[in-house]
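This report refers to the structure that appears directly beneath it.
Residue numbers (our numbering), protein chains in the order written: chain U, 25 to 355; chain B, 3 to 329.
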């Protein structure tokens, strides 16, 4: 947006809303809108955003979101941010489509809008930052298992529900790269429905059906914790390695007991940091978010946009005994 | 009367469970090994305890849909207490869990008793309220295994006479219920209230108070199970045991407890829970596509209920022979 427009808008707002002493409008105000407040993952993302703000110098981060994960709550938050005339909104959406009208209104007012983590439909944002790409994740989950099986072995997948889009895509991507991991055989895919008790039962069933099982890959945070507990209870620590995607705070016990050697998840600090950097580039440096564009994001390198103006930040970050203590208190 | 001497329904259900076990054994022989059957029983223990609590409520013509939410809230509360005070002995934790659960059951009971709100409405409401409270006290955060003390997560796993304490909890509950239902005034009045509330009033039974007590019993058991559940799976979060209330009601219905109240037995509830437990534990090992698993679980429930409905149907009694002859 042009500097003139911005000045007009700021001046109009300052006079209309703040009759008192003029607020410090010099700072670039970037709003980080999350799915819900009080979630460790997003608190950590806010930490990363603050880190970016410090690096950039003149940025003020507004960390906000509804109290529950609803689209309605987020629309209210976005409307109030429009009223405050922030410079940029970076949102992790509770609904792909429901936020579009509110975000379009924001863009009409000259506010930069990007989505991160959980995306918004292309017409409601300028770009979307994926924490990782489906193919990177698919490769990572099998690599985590294969790294501890130099001589090959049997692995099984414990997913969420049969209809979970994310998990199904990741498993599909994983199957595409199986050729790179000779000797590793996926013997079964079971579904724990993201319920602790059903996942536990399925994991127990896997160990009974496949006595030579070497690893359980659970690309879901409920499943990986339940599978680790099932391995401990079955006395198979050291025989069956539980890996996949999980949160450090939830997996600390499993790493400690040895049921899990390592697991991965995107680093939320990096994610908040990158989202802030991107929002700043778009809003202040006149960078255009067009397909094919390469946008710098500080220490995280550059983001390359695809045809839908989406880009992937990096490989999922691997957590193991060496760094779990550092991260378990963060998220 | 014959059915009282030989409990037909329970015999049929026990036969069905044995047939099911035989069928499973033909596909996966390891399932019927004694150690695995002990595991299945252990895994089913929470369901047995909850089904007994639910049975008492259903017998009084009520229903308690808030058991799973009560379980989750108590579980979260005791987990947070454990994190705050790791030194607190487990018996104290169990007493807290029982009291907390009973208090939540009492809320249900009071609303049904004093305000005469239909139980399904009351417990649907409290179900969501309890889940909401979990979010409020936890802030949406999980309590994870490494934060809980060793004795806290170790208690349900500790073995006595070859069985984990979780299994013993179920066995003790079954014995207490068997005595309570058959030998105490409360047990008899629960049947009376469900069988014919008007007649119960004439015999001096306070219907509302009996229903209230049924809810308190169900709540206390849900509280106890809350602790056992959280300790067993070593994790507490808002959604634990989501949808479990339906499984509990299903166990009761399969066990021949009439949803209209007044008819049912401790043995039926236990067998109903065991039937579901066997199905749930067998499906992962018999190598059936997960897409079929849901359909199979559902069909098993329907078949069992249809069976019970047929067995329970009374033949109409012809009181006017002449009228029948004319038509």
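Even for Gly, the Cβ is constructed at its ideal location relative to N, Cα and C.
Buried or exposed, going by whether 16 or more other CB atoms sit within 10 Å of the CB of residue i?
{"i": "residue 337(U)", "result": "buried"}
{"i": "residue 247(U)", "result": "buried"}
{"i": "residue 88(B)", "result": "exposed"}
{"i": "residue 48(U)", "result": "For residue 48(U), the predicted structure reports a pLDDT of 46, less than 50, and the residue's modelled location is therefore unreliable. The matter cannot be settled from this model."}
{"i": "residue 115(B)", "result": "buried"}
{"i": "residue 94(B)", "result": "exposed"}
{"i": "residue 165(U)", "result": "buried"}
{"i": "residue 319(B)", "result": "exposed"}
{"i": "residue 103(U)", "result": "exposed"}
{"i": "residue 59(U)", "result": "buried"}
{"i": "residue 56(B)", "result": "buried"}
For residue i, which of the options has the nearest alpha-carbon?
{"i": "residue 154(U)", "options": "352(U), 233(U), 334(U) and 349(U)", "result": "334(U)"}
{"i": "residue 88(U)", "options": "78(U), 80(U) and 54(U)", "result": "54(U)"}
{"i": "residue 65(B)", "options": "292(B), 255(B), 274(B) and 270(B)", "result": "255(B)"}
{"i": "residue 85(U)", "options": "106(U), 115(U), 52(U) and 317(U)", "result": "52(U)"}
{"i": "residue 287(B)", "options": "214(U), 64(U), 140(U) and 332(U)", "result": "214(U)"}
{"i": "residue 233(B)", "options": "14(B), 146(B) and 109(B)", "result": "146(B)"}
{"i": "residue 112(U)", "options": "141(U), 163(U) and 306(U)", "result": "306(U)"}
{"i": "residue 133(U)", "options": "114(U), 116(U), 354(U) and 105(U)", "result": "105(U)"}
{"i": "residue 277(B)", "options": "291(B), 260(B), 290(B) and 299(B)", "result": "299(B)"}
{"i": "residue 303(U)", "options": "59(U), 294(U), 218(U) and 138(U)", "result": "138(U)"}
{"i": "residue 187(U)", "options": "172(U), 60(U), 216(U) and 209(U)", "result": "216(U)"}
{"i": "residue 75(U)", "options": "296(U), 308(U) and 314(U)", "result": "296(U)"}
{"i": "residue 182(U)", "options": "125(U), 108(U), 228(U) and 319(U)", "result": "228(U)"}
{"i": "residue 108(U)", "options": "211(U), 140(U), 130(U) and 90(U)", "result": "130(U)"}
{"i": "residue 118(U)", "options": "320(U), 100(U) and 293(U)", "result": "100(U)"}
{"i": "residue 117(B)", "options": "216(B), 211(B), 91(B) and 34(B)", "result": "211(B)"}
Pick helix, strand or coil for residue i, following the three-state DSSP scheme.
{"i": "residue 91(B)", "result": "coil"}
{"i": "residue 266(B)", "result": "coil"}
{"i": "residue 205(U)", "result": "coil"}
{"i": "residue 189(B)", "result": "helix"}
{"i": "residue 210(U)", "result": "strand"}
{"i": "residue 200(B)", "result": "helix"}
{"i": "residue 166(B)", "result": "strand"}
{"i": "residue 142(U)", "result": "coil"}
{"i": "residue 265(U)", "result": "strand"}
{"i": "residue 87(U)", "result": "strand"}
{"i": "residue 342(U)", "result": "strand"}
{"i": "residue 152(U)", "result": "strand"}
Quick one: which chain B residues come within Cβ less than 7 Å of residue i?
{"i": "residue 186(U)", "result": "292 and 293"}
{"i": "residue 215(U)", "result": "292"}
{"i": "residue 232(U)", "result": "32 and 287"}
{"i": "residue 249(U)", "result": "237"}
{"i": "residue 276(U)", "result": "146 and 148"}
{"i": "residue 280(U)", "result": "148"}
{"i": "residue 89(U)", "result": "Near residue 89(U) there are no residues of chain B at all, since even the closest Cβ is about 12 Å away, more than 7 Å."}
{"i": "residue 229(U)", "result": "286 and 287"}
By Cβ distance, which residues of its chain are closer than 8 Å to residue i, with the 5 residues on each side in sequence left out?
{"i": "residue 45(U)", "result": "With a pLDDT of 39 at residue 45(U), under the threshold of 50, the modelled position of this residue cannot be trusted, and the question is left open."}
{"i": "residue 353(U)", "result": "273"}
{"i": "residue 204(B)", "result": "none"}
Give the interface partners of residue i over in chain U, defined as CB-CB distance under 9 Å, in chain order.
{"i": "residue 170(B)", "result": "Those do not exist, as residue 170(B) stays about 17 Å from chain U at its closest Cβ, beyond 9 Å."}
What does residue i reach in chain B if we use C-beta pairs closer than 9 Å?
{"i": "residue 224(U)", "result": "45, 234 and 235"}
{"i": "residue 273(U)", "result": "143, 144, 146, 148 and 149"}
{"i": "residue 63(U)", "result": "141, 142 and 143"}
{"i": "residue 177(U)", "result": "Correct list: empty, because the minimum Cβ distance to chain B is about 20 Å."}
{"i": "residue 60(U)", "result": "142"}
Cβ closer than 7 Å: which chain U residues qualify as neighbours of residue i?
{"i": "residue 282(B)", "result": "225"}
{"i": "residue 88(B)", "result": "Per Cβ cutoff of 7 Å: no residues; residue 88(B) is ~14 Å from chain U at best."}
{"i": "residue 242(B)", "result": "220"}
By Cβ distance, which residues of its chain are closer than 7 Å to residue i, with the 5 residues on each side in sequence left out?
{"i": "residue 120(U)", "result": "143, 144 and 145"}
{"i": "residue 45(B)", "result": "279 and 283"}
{"i": "residue 253(U)", "result": "224"}
{"i": "residue 173(U)", "result": "208, 238 and 239"}
For residue i, I'd like the list of residues in its chain whose CB is within less than 6 Å of its CB, leaving aside the five on either flank, ordered along the chain.
{"i": "residue 180(B)", "result": "268"}
{"i": "residue 344(U)", "result": "286"}
{"i": "residue 243(U)", "result": "165, 191, 194, 268 and 269"}
{"i": "residue 149(B)", "result": "85"}
{"i": "residue 163(U)", "result": "201"}
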